[in-house]
Structures are given as structure tokens and as C-alpha cells.
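*Asks:*
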Amino acid sequence: MSVRPNGSQPRTPLTVALFGPPGSGKGTQATFLVEHLHIGRVSTGELFRHEVRRGTGLGLQAKQYIEHGELVPDAITLAMFRERLKKPDCADGVLLDGFPRTAAQAEALNGILQGLGRRMDRVIYIRVPQEVLISRLSGRLTCPTCGATYHPELAPPRRRGVCDRDGSELFQRDDDAPETALRRINVYKEQTVSVLDYYREQGLAAEVDGLGPVEEVHRRALASLSESVVG
Ligand code: AP5
4 MSVRPNGSQP RTPLTVALFG PPGSGKGTQA TFLVEHLHIG RVSTGELFRH
54 EVRRGTGLGL QAKQYIEHGE LVPDAITLAM FRERLKKPDC ADGVLLDGFP
104 RTAAQAEALN GILQGLGRRM DRVIYIRVPQ EVLISRLSGR LTCPTCGATY
154 HPELAPPRRR GVCDRDGSEL FQRDDDAPET ALRRINVYKE QTVSVLDYYR
204 EQGLAAEVDG LGPVEEVHRR ALASLSESVV G
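Residue numbers for the sequence shown follow our numbering, so the first one is 4 and each next one is one higher.
#1: May I have the straight-line CA-CA distance separating L74 from V126, to the nearest angstrom?
#2: Taking just the CA atoms, how far does P181 sit from D100?
#3: Would you mind sorting Q133 into buried or exposed? The rule is 16 or more other CB atoms within 10 Å of its CB.
#4: Report, in whole angstroms, the separation of the C-beta atoms of L136 and P216, which I expect to be a contact under 8 Å.
#5: Please list the terminal residues of the continuous beta strand (DSSP E) segment that includes Y128.
#6: What does DSSP give as the partner residues of H221 in its beta bridges?
#7: Quick check: the Cα distance between A109 and L36, rounded to an integer number of angstroms?
#8: By Cβ distance, which residues of its chain are closer than 6 Å to R186, with the 5 residues on each side in sequence left out?
#9: Can you tell me the Cβ-Cβ gap for G120 and T18, rounded? I've got them flagged as a contact below 8 Å.
#10: Return yes when the C-beta of T125 is under 7 Å from any heavy atom of ligand 1, and no when it is not.
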């Protein structure tokens, strides 16, 4: 059983989704939150990048979409997500990073969670103005091992080019090139923003200001998980 921040036992495994445009800080906050909440993390972007690095069939399929800043088709994404959710680290709860991001994914997730006797507990929307997103993405450094993200000026690692958590050499994502990053932001507006409305209508969305120090955003994100969610 996972232990919640106040030490009480959960009623059902927690399901929380981080929502926001590319560069809003989902990955950064996910790293903090899973350690705090003791739940698994599922980042569909990380899963795809892992498959691309390994050169698997799934990776080759995904690559052609990712490198153009487009979403990977729902059927591919959902099949991968279903398999990931079966892993033991998701048994006591899960933090979703970058999923769902289409209406079809949100509907399918509903069914998957219902089948497991779970439900979505909270969707944390990290709000960041567009002009900030591009500068964050263009400088981002990513850890290939744990997925932690850094920025030379905004969130520097302790040792230049090296992950604080596991010592891996940091890299720059190909899809962070300015024109691809801009396409990703536009795809977010065209295909993903409406998913937030879906959760707002159910009273599950909480909005968090994504500007300011990473630790401050983390405090806001935690505060958005009210007692009724984590108590
Ligand atoms: P994915 O990996 O999910 O990328 P994304 O959603 O575009 O989000 P990012 O990872 O770019 O940004 P983030 O919000 O995590 O920001 P971060 O914390 O790194 O997806 C990549 C691709 O995979 C997609 O384009 C698509 O092709 C495919 N894909 C993935 N999921 C899919 C799905 N469900 N369906 C279909 N296709 C899918 O922060 C960014 C930078 O800002 C970092 O440098 C960080 O250090 C810095 N930073 C963070 N917080 C702060 C702060 N408070 N102050 C200053 N700097 C900060």
C-alpha cells in the first residue's frame, strides 16, 4: 500500500494526471510528485523515446510523428499505455505525465480505470504563458535514464551536463528545435486543450501557476491535491 503525505492509507490507488503545454514543467514536477506520493510515473513521451532509442518497431513508428512534433496515433499510444499500467510500480497508484492528450485517449482511460476499479482523482493543469515555453524548451537538457529535466539558466544541474539523480550524461531532445517545439505547442492547442475541459466539467481539474521557482510550483501542485484526494 502506498503511504499518503499525512501517513494515512489510501482508499483506492491514486490516479493523478499532469496536464499542460510542452515546456510547462510536467516532467519536472512529475519527478518530485512521484517521490512524495510513492506512486508510479507513466510518461508516454518517455516511453516513446525509450523505444526510439532501442530501435524497436514501436520506436520506429513513433519516431516519424515525434520528429515532426505531431501526436503518435491513439491506437499505438493506447496499446503501449495499457501494457505500462500493468507494471507492478503502478499497482498502488500512478502519476500520468503527458497522457491523456486527445479526447479518444481520455475516454479510453476512463474505461481502463473503471475496469481496474479505479478512477481519475485529479488533473493538475500547469499554466505557463506561450512566450515562456519556447525559451524553456530551447535550453532543456534531459536525462536519458530517469527522464529528469534541467535548464542551464533556469534549472541547472549541480554538475554541468550530468544528471543530479543518477550521473547520466544529459542530452538535448531533437523535438526541442524551435520550429518543432512551436509545432508541438500548436498541436497542443488544436488537439489537447479540449481534454482539460472534459476534466473541468467533472470537477477534477486544478489549475496551478507554473511560473516561479521549481520548488514553489511543486508546493502549489501538492496543495492542489486536496485532503479529499490524498487524505
Ligand atoms: P512529451 O515528452 O510528453 O513532451 P511534451 O508534452 O511536449 O512536454 P515536454 O516534455 O516538452 O515538457 P514538460 O511539460 O514535461 O516540461 P519540462 O518539465 O521538461 O511528448 C513528446 C512527444 O511524444 C509528443 O510531441 C508526441 O509526439 C509524443 N507523445 C507523448 N505522449 C503522447 C500521447 N499521449 N499521445 C500521442 N503522442 C504522444 O520543463 C521544460 C524545461 O523548463 C526544462 O528545461 C525545465 O528544467 C524547465 N523548467 C521546468 N519548470 C520550470 C520552472 N518552474 N521555472 C523555470 N524553468 C522550469
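Note that beta-carbon positions come from the ideal geometry of N, C-alpha and C, so glycine has one too. All of these numbers come straight from a predicted model, not from anything done at the bench.
*Replies:* For this structure:
#1: Taking the sequence shown and counting its residues from 1, one reaches residue 74 at position 71. Taking the sequence shown and counting its residues from 1, one reaches residue 126 at position 123. For L74 and V126, the distance between alpha carbons rounds to 20 Å.
#2: The count along the sequence shown starts at 1 and reaches residue 100 at position 97. The count along the sequence shown starts at 1 and reaches residue 181 at position 178. Cα-Cα distance, rounded: 22 Å.
#3: Within the sequence shown, numbered from 1, the residue matching residue 133 stands at position 130. By the 10 Å Cβ count, Q133 comes out exposed.
#4: For this step, residue 136 is matched to residue 133 along the sequence shown. For this step, residue 216 is matched to residue 213 along the sequence shown. The Cβ separation is near 17 Å, so there is no contact.
#5: Numbered from 1 along the sequence shown, position 125 holds the residue referred to as residue 128. Start and end: R125 to R130.
#6: Within the sequence shown, the letter at position 218 stands for residue 221. According to DSSP, H221 bridges with nothing at all.
#7: Residue 109 sits at position 106 when you count from the first residue of the sequence shown. Residue 36 sits at position 33 when you count from the first residue of the sequence shown. A109 and L36: Cα-Cα distance of roughly 22 Å.
#8: Within the sequence shown, numbered from 1, the residue matching residue 186 stands at position 183. So the list reads G72, once near-sequence residues are dropped.
#9: For the purposes of this step, residue 120 is taken as the residue at position 117 of the sequence shown. For the purposes of this step, residue 18 is taken as the residue at position 15 of the sequence shown. The Cβ separation is near 11 Å, so there is no contact.
#10: Position 122 of the sequence shown, counted from the start, is the residue given in the question as residue 125. For clarity, residue 125 is Arg in the given sequence; the question names Thr instead. Checking every heavy atom of ligand 1 against the Cβ of R125, none is found closer than 7 Å.
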